[in-house]
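Asks: For the sequence shown, the residue numbers in full-length UniProt numbering are 1 to 229.
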Amino acid sequence: MKLTKNRKAVLAKLEPNKVYKLADAAALLKEITFTKFDASVDIDVRLGVDPRKANQMVRGVVTLPHGTGKDVRVLVLCTPDKEAEAQAAGADHVGLDEFVEKIKGGWTDVDVIICTPNVMGKVGALGRILGPRGLMPNPKTGTVTMDVAQAVKEVKAGKIDFKVDKFGIVHTSVGKISFDADKIVDNANEFLKTIIKLKPVAAKGTYVKSIYVSTTMSPGLQIDTKSVE
Numbered sequence: 001m002k003l004t005k006n007r008k009a010v011l012a013k014l015e016p017n018k019v020y021k022l023a024d025a026a027a028l029l030k031e032i033t034f035t036k037f038d039a040s041v042d043i044d045v046r047l048g049v050d051p052r053k054a055n056q057m058v059r060g061v062v063t064l065p066h067g068t069g070k071d072v073r074v075l076v077l078c079t080p081d082k083e084a085e086a087q088a089a090g091a092d093h094v095g096l097d098e099f100v101e102k103i104k105g106g107w108t109d110v111d112v113i114i115c116t117p118n119v120m121g122k123v124g125a126l127g128r129i130l131g132p133r134g135l136m137p138n139p140k141t142g143t144v145t146m147d148v149a150q151a152v153k154e155v156k157a158g159k160i161d162f163k164v165d166k167f168g169i170v171h172t173s174v175g176k177i178s179f180d181a182d183k184i185v186d187n188a189n190e191f192l193k194t195i196i197k198l199k200p201v202a203a204k205g206t207y208v209k210s211i212y213v214s215t216t217m218s219p220g221l222q223i224d225t226k227s228v229e
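Next comes the structure, spelled out in structure tokens:
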């Protein structure tokens, strides 16, 4: 396999098995990302939990101080009396029955769906389509609410929800590679602090087992877990 010029440049900057402080890793990611597009900065945290047990489920929401860097497309499903409020807050799509029908037909071209409690009966029927895509509104994440304007603003400003997968890993994006390194660090720290606060009482042993950061096309850099706890 022939190494490209960019790949060689990346490998020259990496030290095998090195564990980085978050600030050093954020700066290095900017040096080893050569994508023509504005790559996402991703973080993967392996936790010492058994997600199959309900009392070890880790799920939460966090508002990244510098936002996600991406334009979040929001659909608000609500009754007509809430439509103007949702539109004024910046929702990309607002309505109910027409969107329920579109989703039944396979349309899911949005990043977040917010709905009011009084339409959950109709939205609940879409669970099979929305659930696997992580789009199902949920009161725990603030996406089932009467205050749709506030929910839209928060999501647009960088509020994300996350949950541990079946392998015990929490994965999310904490910005774009075009961000200043210190903004990437701020966002990552906010996310990590939130995860640490959510440690289940039932989780035994080491809680944060490993942390890696990467961009869409870069190798992963291992972060020193002690530098963030």
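C-beta atoms are modelled at their ideal positions from N, C-alpha and C, and glycine is treated no differently. Small disclaimer: the values here were computed from a predicted structure and weren't measured.
So, is Ile196 buried or exposed, given that buried needs 16 or more other C-beta atoms within 10 angstroms?
Replies: Exposed: under 16 other Cβ atoms inside 10 Å.
Asks: Indicate whether Asp44 and Ile211 have their beta-carbon atoms separated by less than 9 Å.
Replies: In contact: Asp44 and Ile211 (Cβ atoms closer than 9 Å).
Asks: Taking only runs that begin and end inside the stretch 33-105, name each unbroken beta strand (DSSP E) of 3 or more residues, in chain order.
Replies: If we require 3 residues or more, the beta strand (DSSP E) runs fully inside the stretch 33-105 come out as 40-47, 59-63, 74-77 and 93-95.
Asks: Am I right that Ile114 and Pro137 are in contact with their C-beta atoms under 8 Å? What's the rounded C-beta distance?
Replies: About 6 Å separates the two Cβ atoms, so the contact holds.
Asks: Given this structure, state the Cα-to-Cα distance separating Glu101 from Cys78, to the nearest angstrom.
Replies: Between Glu101 and Cys78, the C-alpha separation is close to 14 Å.
Asks: Around the C-beta of Asp186, are 16 or more other C-beta atoms found within 10 angstroms, so that it is buried, or is it exposed?
Replies: Buried: at least 16 other Cβ atoms inside 10 Å.
Asks: Can you tell me the Cβ-Cβ gap for Gly51 and Lys166, rounded? I've got them flagged as a contact below 8 Å.
Replies: The sequence given here has Pro at residue 51, not Gly. Correct: roughly 6 Å between the Cβ atoms.
Asks: Rank Thr143, Leu126 and Ala89 by C-alpha distance to the C-alpha of Val112 and give the top, closest one.
Replies: Val112 has its Cα closest to that of Thr143, out of Thr143, Leu126 and Ala89.
Asks: By Cβ distance, which residues of its chain are closer than 7 Å to Val123, with the 5 residues on each side in sequence left out?
Replies: Leu77, Cys115 and Pro137.
Asks: Quick check on this structure: which residue in Ala151, Ala202 and Ile184 has the alpha carbon closest to the alpha carbon of Leu64?
Replies: Comparing Cα positions, the closest option is Ile184.
Asks: Using CA coordinates, which residue listed in Val228, Val74, Lys193 and Gln222 is at the minimum distance from Asn17?
Replies: The candidate whose alpha carbon is nearest that of Asn17 is Gln222.
Asks: Among Ala151, Val148 and Thr108, which one has its Cα closest to the Cα of residue 253?
Replies: Beyond the ends of the chain as shown, which are 1 and 229, falls residue 253; an answer cannot be given.
Asks: Among Val58, Asp38, Val49 and Ala25, which one has its Cα closest to the Cα of Phe162?
Replies: Residue Val58 is the option with its Cα nearest to Phe162.
Asks: In its own chain, which residues sit with a C-beta less than 7 Å from the C-beta of Ala203, not counting the 5 before and 5 after it?
Replies: Contacts found: Gly48, Val49 and Gln56.
Asks: In its own chain, which residues sit with a C-beta less than 7 Å from the C-beta of Ser40, not counting the 5 before and 5 after it?
Replies: Cβ within range, chain order: Ser173, Lys176, Thr215 and Thr216.
Asks: Return the residue from the list Asp71, Glu15, Met120 and Lys53 that minimises the CA-CA distance to Thr145.
Replies: Comparing Cα-Cα distances from Thr145 to each of Asp71, Glu15, Met120 and Lys53, the minimum goes to Met120.
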